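Mapped onto full-length UniProt numbering, the consecutive letters of the sequence shown carry residue numbers 244 to 600.
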Amino acid sequence: EKGTYPHYMLKEIDEQPLVMRKIIQNYQDESGDLAIDPTIIDAINEADRLYIIACGTSYHAGLVGKQMIEKMAKIPVEVHVASEFGYNMPLLSEKPLFIFISQSGETADSRAVLVQIKEMGYKALTLTNVPGSTLSREADYTLLLHAGPEIAVASTKAYTAQMAVLTILASVVGKSKGHLADFPVVKELGIIANAMETLCDDKDRFEMIAREYLSVTRNCFFIGRSLDYFVCLEGALKLKEISYIQAEGFAGGELKHGTIALIEEGTPVIALATQEDVNLSIRGNVKEVAARGAHPCIISMEGLEQEGDAYVLPEVNPMLTPLISVVPLQLISYYASLHRGCDVDKPRNLAKSVTVE
Ligand code: F6R
């Protein structure tokens, strides 16, 4: 039930701090250490490469998850959109393990790949929010997201839950291989939960940003580099699906290779700047679009902020910024949809779970 909330989406955005805490609890053993079923850890350690398969928002979580797994566990990872995998199947490594990410566990495109790789004799792990779902039943192993039912068509808490569970998975595998003993994931995810709460308490600010930048525009661009780029893809998807504004996420460095031609007087450009090593270059990109008339909105992080930033996120571990930088984008999309009179929870032409290929 949505209780006093006007929409499920807003309720689900607000639930994210609680979901983080639930995930930590569910993946802790009696001594408080993070733990994952050892048969899953063994299956991952036996693989020479992981193939993440997903659609939409879950694919975007996979892009971030790849970075976590490669950095913490040092296993190569590829991420593929399920609907394309069959046509453009990569040359598989000798010992692949497949990871399906699906909130619903019912997405037909992902299931088609699961059926295909099972026929080839490979094993699969499913990350899903729905115990007993098709993708969970048909895979060899399951990890649950513990996000609680997600009713709004636009996925919010499942995305952050997917990234949190992937972080835990990456760290437990990393630890089993002797890496990263000093990355305190429980503490860092606790900091994430608190930061999410701060952001959810700042809704007025995000409503104002939506009003200022998005109430009349035809299009909107999201730019970022490194991890921020993946969050830009998700921010653009959120805005498209619930406000019907044409939105695209771009890698900052790609602007000059074509995209910048789209910038007109007043085009909103939302830039994420949460990564120290690319802070100057993304700000350079903002100057380039501003010089061509864009209306830039910079969302940065404590320690990296500059005068004129529209919002400064609380500081979190630099590897985990996607878990909080997406929250303003979710809220900005929510308010843009609301202000434009769209059906927030049930956008046109979309279904919550896509059970046809
Ligand atoms: C976006 C959205 C979709 C889903 C996609 C995959 O807000 O909800 O892009 O992420 O259809 O769905 P699942 O994760 O259920 O496989």
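The beta-carbon is built from N, C-alpha and C at its ideal position, and this holds for glycine as well. These numbers come from a predicted model, not from an experiment.
Any non-hydrogen atom of the ligand F6R within 8 Å of residue i CB
| i | result |
| --- | --- |
| Lys-481 | yes |
| Ser-301 | yes |
| Lys-595 | yes |
| Cys-475 | no |
| Glu-508 | no |
| Ile-287 | no |
| Ser-398 | yes |
| Cys-585 | no |
| Gly-492 | no |
| Gly-305 | no |
| Cys-540 | no |
| Gln-346 | yes |
| Glu-349 | yes |
| Ala-534 | no |
| Ser-379 | no |
| Glu-600 | no |
| Ser-353 | yes |
| Cys-298 | yes |
| Glu-337 | no |
| Ala-367 | no |
Beta-carbon contacts of residue i that lie in its chain and below 6 Å, excluding the five residues immediately before and after
| i | result |
| --- | --- |
| Val-356 | Ile-296, Ala-325 and Phe-328 |
| Thr-385 | Thr-369 and Ser-379 |
| Lys-418 | none |
| Glu-313 | Val-320 |
| Phe-465 | Cys-475, Gly-478, Ala-479, Gly-492 and Ile-513 |
Contact check, residue i vs residue j, beta carbons under 9 Å
| i | j | result |
| --- | --- | --- |
| Leu-566 | Met-439 | yes |
| Ala-351 | Ala-367 | no |
| Val-521 | Gly-492 | no |
| Thr-517 | Leu-572 | no |
| Ala-401 | Asn-372 | yes |
| Ser-353 | Cys-443 | no |
| Gly-275 | Val-408 | no |
| Phe-341 | Ile-360 | yes |
| Glu-455 | Lys-499 | no |
Burial state of residue i, where buried means 16 or more other Cβ atoms lie within 10 Å
| i | result |
| --- | --- |
| Gln-268 | exposed |
| Ser-568 | buried |
| Glu-289 | exposed |
| His-323 | buried |
| Gly-348 | buried |
| His-389 | buried |
| Asn-331 | exposed |
| Gly-478 | buried |
| Lys-481 | buried |
| Ser-458 | exposed |
| Gly-305 | buried |
| Tyr-248 | exposed |
| Asp-257 | buried |
| Val-358 | exposed |
Beta-carbon contacts of residue i that lie in its chain and below 8 Å, excluding the five residues immediately before and after
| i | result |
| --- | --- |
| Thr-460 | Ile-488, Gly-509, Thr-510 and Pro-511 |
| Arg-448 | Tyr-554 |
| Gln-549 | Arg-526, Ile-541 and Ser-543 |
| Gly-551 | Ile-541 |
Distance between beta carbons of residue j and residue i, contact taken as under 8 Å
| i | j | result |
| --- | --- | --- |
| Ala-514 | Val-529 | 5 Å |
| Ala-395 | His-303 | Actually they are not in contact, since the Cβ atoms of Ala-395 and His-303 sit about 16 Å apart, beyond 8 Å. |
| Glu-431 | Leu-574 | No, Glu-431 and Leu-574 are not in contact; Cβ-Cβ is about 23 Å, not under 8 Å. |
Nonlocal neighbours in the same chain, by C-beta distance under 7 Å from residue i, ignoring five residues either side
| i | result |
| --- | --- |
| Ser-336 | Asp-291 and Arg-292 |
| Glu-507 | Gly-536 |
| Ser-301 | Ile-344, Ser-345, Gln-346 and Gln-405 |
Cβ of residue i within 9 Å of any chain C Cβ
| i | result |
| --- | --- |
| Met-439 | Absent here is chain C; the protein component of the structure consists of one chain. |
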